[in-house]
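Following: one structure in C-alpha cells, then a few remarks.
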Amino acid sequence: LQERLKSAGKSGEPMKHVHVVGAGVMGGDIAAWCAARGLTVTLQDREEKYVAPAMERARKFFEKRYPDEAKRNDVLARLKADVPGAGVPQADLVIEAIYENLQAKQELYARLEPQMKPNAVLATNTSSIVLEQLAEKLTQPQRLIGLHFFNPVARMPLVEVIHAADTDPKEIQAGLAFARQIDKLAIPCHSAPGFLVNRVLMPYLSEAVRAAQEGIPLALIDRAAEDFGMPMGPIELADVVGLDVVMSVGKVFFETGADVPPVLATRFSAKKFGKKTGEGFYVWQNDKPVKPP
Ligand code: 3HC
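Numbering (the UniProt record's numbering), first residue to last: 295 to 587.
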C-alpha cells in the first residue's frame with residue numbers, strides 16, 4: 295500500500311465542500327464536525343424531519359464549543375440542511391452514512407455518481423459492508439473509499455480509511471488527507487470484515503452481551519470493564535453505538551442468526567436501539583443511561 299500511495303503523488307487541494315447523505319447519529323455528527331473544521335457542508339436525508347434533529351444536535355454542539363456568537367454563526371452558516379441533495383454537484387467529497395443495507399447503498403450510489411464532479415471522492419461510513427460489494431454497480435468502482443468514523447464523532451480521534459484491492463490510490467490518498475484536514479487520526483485499512491477496530495471491538499461487545507444473557511447484571515458488566523480501565527463499559531457502549539449497528543456489524547461475526555443472543559435480538563426486534571431511541575439495554579434519560587446505584 296505504501297508504494298501505491300507514493301505513486302499517487304500529492305493529494306491536491308484541501309476539500310472545501312462535503313456533502314453528507316444520511317442524517318442519523320453518525321451522518322449528522324460527521325456533518326457538524328466538518329463544518330466546525332471549516333468546510334462547507336450540505337446534509338441530506340429523505341425528508342426534512344430526518345435532518346432536523348441532526349441540525350438541532352449540531353446547534354447545541356456549536357453553542358458549547360463556540361461561546362463567541364460571531365464565530366458560532368459563522369460555523370452554523372457553513373452547515374446546511376439539503377433535503378433535495380442540491381449540494382452533490384458542488385461537493386469535493388460525498389460521504390454516505392445511511393443505514394446498513396447493501397441494496398439501499400448501491401441504489402443511492404447509482405443516483406449520486408452521475409451528479410458528482412468528475413474528481414469528487416465518494417466515501418462510505420459503513421461499519422460492516424465490504425467495499426467490493428458496495429462498489430459493484432458503480433461506473434468507477436475504484437473511486438469508492440471507506441471513511442469509518444467512531445461514535446461520538448466529536449470525541450473519537452480515529453478514522454479508518456478503507457480501501458479495496460483495486461481502489462485508486464489517489465482516492466485513498468485523498469481520504470487520508472481529508473481525515474487529517476479535519477483533525478482526525480487516519481489509518482489506512484483493507485476492506486475486510488470488521489476492518490480493524492470492529493474486528494477487535496465486536497467480539498468484546500458480543501461477549502459482554504452473552505454475559506448479560508447468562509444473567510450477569512448489566513451494570514456489573516459495565517462496572518468491571520470501567521474499573522479495569524475502559525472509558526465506558528461494553529453494554530453502555532453497545533447502547534451508544536446503537537443495537538441496530540451492533541446487530542449489523544455482528545452479522546459479519548455471528549455465523550448464523552441463531553447465534554445472536556436473544557437478549558440482544560429481542561431488544562432489536564422491539565426497535566430498542568439504545569441511546570438514540572431512549573432505550574436499549576438501559577433506559578436513557580438526558581443522554582445518560584439509568585443504572586442502579
Ligand atoms: N458529542 C459531542 N461531545 C460529546 C459527546 C457527544 N456525543 N459525548 C461527550 N461529549 C463531550 C462532553 O460534552 C464533554 O465535553 P467538555 O469536556 O467540553 O465538557 C466531554 O465530551 C466529556 O464528556 P463526559 O465527561 O460525559 O465523558 P467522558 O469523559 O466519560 O468521555 C466518551 C465520553 C469520550 C464518550 C468516553 O466515554 C469514551 O471514549 N467512550 C467509548 C467510546 C467508543 O469506544 N466509541 C467507539 C464506538 S465503535 C464505533 O463507533 C464504530 C461502529 O462501527 C460500531
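All C-beta atoms, glycine included, are put in the ideal place defined by N, C-alpha and C.
Beta-carbon contacts of residue i that lie in its chain and below 6 Å, excluding the five residues immediately before and after
{"i": "residue 329", "result": "335, 369, 372 and 373"}
{"i": "residue 311", "result": "334, 384, 385 and 386"}
{"i": "residue 566", "result": "573 and 574"}
{"i": "residue 543", "result": "421, 422, 492 and 496"}
{"i": "residue 377", "result": "342"}
{"i": "residue 586", "result": "513"}
{"i": "residue 547", "result": "496"}
{"i": "residue 487", "result": "546"}
{"i": "residue 344", "result": "317"}
{"i": "residue 436", "result": "460, 461 and 462"}
{"i": "residue 502", "result": "515, 528 and 529"}
Close beta carbons around residue i, own chain, < 8 Å, minus the five adjacent residues each side
{"i": "residue 473", "result": "441, 453, 455, 479 and 480"}
{"i": "residue 506", "result": "512, 515, 529, 555, 557 and 575"}
{"i": "residue 331", "result": "475, 476 and 477"}
{"i": "residue 581", "result": "569"}
{"i": "residue 518", "result": "527"}
{"i": "residue 399", "result": "390, 392, 418, 420, 423 and 428"}
{"i": "residue 438", "result": "403, 416, 417, 418, 425, 428, 429, 432, 458, 461 and 465"}
{"i": "residue 498", "result": "528"}
{"i": "residue 411", "result": "383, 384, 385 and 386"}
Ligand 1 heavy atom lying under 8 Å from the CB of residue i
{"i": "residue 422", "result": "yes"}
Beta-bridge partners of residue i, as assigned by DSSP
{"i": "residue 440", "result": "418 and 456"}
{"i": "residue 515", "result": "Note: residue 515 sits in no beta bridge, so no partner."}
{"i": "residue 390", "result": "315 and 418"}
{"i": "residue 337", "result": "314 and 375"}
{"i": "residue 578", "result": "583"}
{"i": "residue 573", "result": "568 and 577"}
{"i": "residue 250", "result": "Only positions 295 to 587 of the chain appear in the structure, and residue 250 is not among them; the question remains open."}
Close Cβ partners of residue i (< 7 Å) along its chain, the five nearest in sequence each way excluded
{"i": "residue 577", "result": "584"}
{"i": "residue 433", "result": "407"}
{"i": "residue 445", "result": "319, 320, 534 and 535"}
{"i": "residue 360", "result": "366 and 369"}
{"i": "residue 309", "result": "333, 386, 387, 472 and 475"}
Interface flag, residue i vs chain B, CB-CB below 9 Å
{"i": "residue 466", "result": "Structure shown: chain B not included; a single protein chain is present."}
Worksheet item: Are at least three pairs of beta-carbons, each pair with one atom in the region 311-320 and one in the region 336-344, less than 8 Å apart?
Response: yes
Worksheet entry | Three CB pairs or more closer than 8 Å across the region 351-368 and the region 415-431 | no
Practice prompt. When you get a sec, list the residues whose CB is within less than 6 Å of any heavy atom of ligand 1, chain order please.
Written response: 355, 421, 444, 445, 446, 448, 449, 450, 492, 495, 525, 526, 531, 535, 539 and 543
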